[in-house]
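For the sequence shown, this note's numbering assigns the number 290 to the last residue and increments by one with no breaks.
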Amino acid sequence: DHGAAVVLMSHLGRPKDGPDPKYSMKVTADHLATLITAPVKFVGQTTGPEAEAAASALRPGEVLVLENTRFDKRETKNDAAMAAELAKLGDVYVNDAFGSAHRAHASTEGVARHLPAVAGFLMEKELAFLGSALENPVRPFVAILGGAKISDKIGVISNLLTKVDVILIGGGMANTFLAAQGLAMGKSLVEAEALETARELMAKGGDIIQLPVDLVVAEAFAADAADNVVSADDVPAEWMALDIGPATIAHYANRLAGAKTVVWNGPMGVFEFPKFAKGTFAVAEILGG
């Protein structure tokens with residue numbers, strides 16, 4: 002609306018070995034071009050001379066979409082050099098990726114060290130909603146926390162313990178909580194260095210923290226791996242937990258019944274594999290129902 006030239010950068014998926022065509026941002030650029038009237042251009046680089054030239058050539062009102070930031074392995078390491086290179090592409094940094102704001106990556110935390118940084122409209126909306134939910138929640142207030150690691154969310158959990166009525170735990174972090182209770186978790190992802198922290202959080206939270214009572218386990222970390230549902234205290238030695246089980250879904254549904262405020266962060270399992278996405282989608286359906 003004000004005639005600025007806009008350079009858009011984002012990650013897409015989790016490419017493991019550098020550039021992968023199926024994760025290219027070109028498809029995003031092509032689709033964006035069908036949604037807005039402004040000219041949309043794409044450059045197959047994230048940083049470097051080609052990206053800098055494309056950014057410099059932009060006219061007021063034009064949009065440039067950069068290639069997937071995660072094609073550069075420096076991104077997730079919050080590499081200072083990459084952050085400085087990204088900063089060359091603009092005059093002001095706008096972060097509108099609320100879902101990735103907790104990650105200290107070159108395109109989030111790093112680049113903000115080099116440019117004036119502001120929150121985008123979506124970020125502003127999400128923060129306003131979250132602030133209201135946390136400070137003046139309509140009760141019962143339930144938090145759902147998933148994802149792989151407790152270490153990523155120690156501060157979040159500690160803060161929520163004083164604000165919510167219930168915290169429902171899923172994802173890989175549930176394994177660490179269960180292991181902290183003395184349960185054998187087989188080959189499941191468990192943060193050994195976070196076991197004591199998990200015990201401290203459970204001691205502080207008491208019944209506020211609710212853990213899975215059953216799990217979907219697999220023989221391997223693969224989409225087509227053999228799977229089974231077992232009690233949380235009966236994980237086979239050679240298997241790994243990849244999702245919450247049906248009894249846990251039912252238990253969590255009961256705790257969510259009547260909830261007036263719900264904050265959800267992180268999946269209940271390895272949702273990238275359809276076989277182990279049932280817990281995540283079930284919770285979404287409960288909330289949407």
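Glycine included, each C-beta is placed from N, C-alpha and C at the ideal position.
Keep in mind that this is a model prediction, so the values were computed, not measured.
Distance from the Cα of F272 is smallest, within the candidate group E239, A248, A223, E68, for A223. For V44, the closest of M241, D21, N69, L33 by C-alpha to C-alpha distance is N69. Rounded to whole angstroms, the gap between the alpha carbons of S57 and L90 is 8 Å.
With respect to the C-alpha of F277, the residue from A181, E125, L216 having the closest C-alpha is L216. Secondary structure of I250 (DSSP, three-state): helix.
Judged by beta-carbon spacing, D228 lies beyond the 7 Å limit of A221, meaning their Cβ atoms are not closer than that value. The beta-carbon distance between R71 and A107, rounded to whole angstroms, is 10 Å. This is too long to meet the 8 Å contact definition. Between S152 and A195, the gap from beta carbon to beta carbon is short of 7 Å. Ranked by how close their Cα comes to the Cα of G187, the residues D18, G121, D235 have D235 in first place. A contact between stretches requires three or more CB pairs, one per stretch, nearer than 8 Å, and the segment 127 to 147 meets this requirement with the segment 161 to 171. DSSP places A242 in the strand class (E or B) of the three-state scheme. Bridge partners of T262 according to DSSP: F142.
Note on the segment 162 to 208: whole beta strand (DSSP E) runs with a minimum of 3 residues are 167 to 170, in chain order. DSSP places V214 in the coil class of the three-state scheme, outside both helix and strand. When DSSP states are grouped into helix, strand and coil, F222 belongs to the coil group. Between A175 and L212, the C-beta spacing is below 7 Å. Counting along the chain, the unbroken beta strand (DSSP E) around V8 starts and ends at 7 to 9. Between the segment 113 to 127 and the segment 95 to 105 there are three or more inter-stretch CB-CB distances shorter than 8 Å, so the stretches are counted as touching. Under the three-state reduction of DSSP output, V41 falls in the strand class. Counting C-beta atoms within 10 angstroms of its own C-beta, E197 has fewer than 16 neighbours from the protein chains shown and is therefore classed as exposed.
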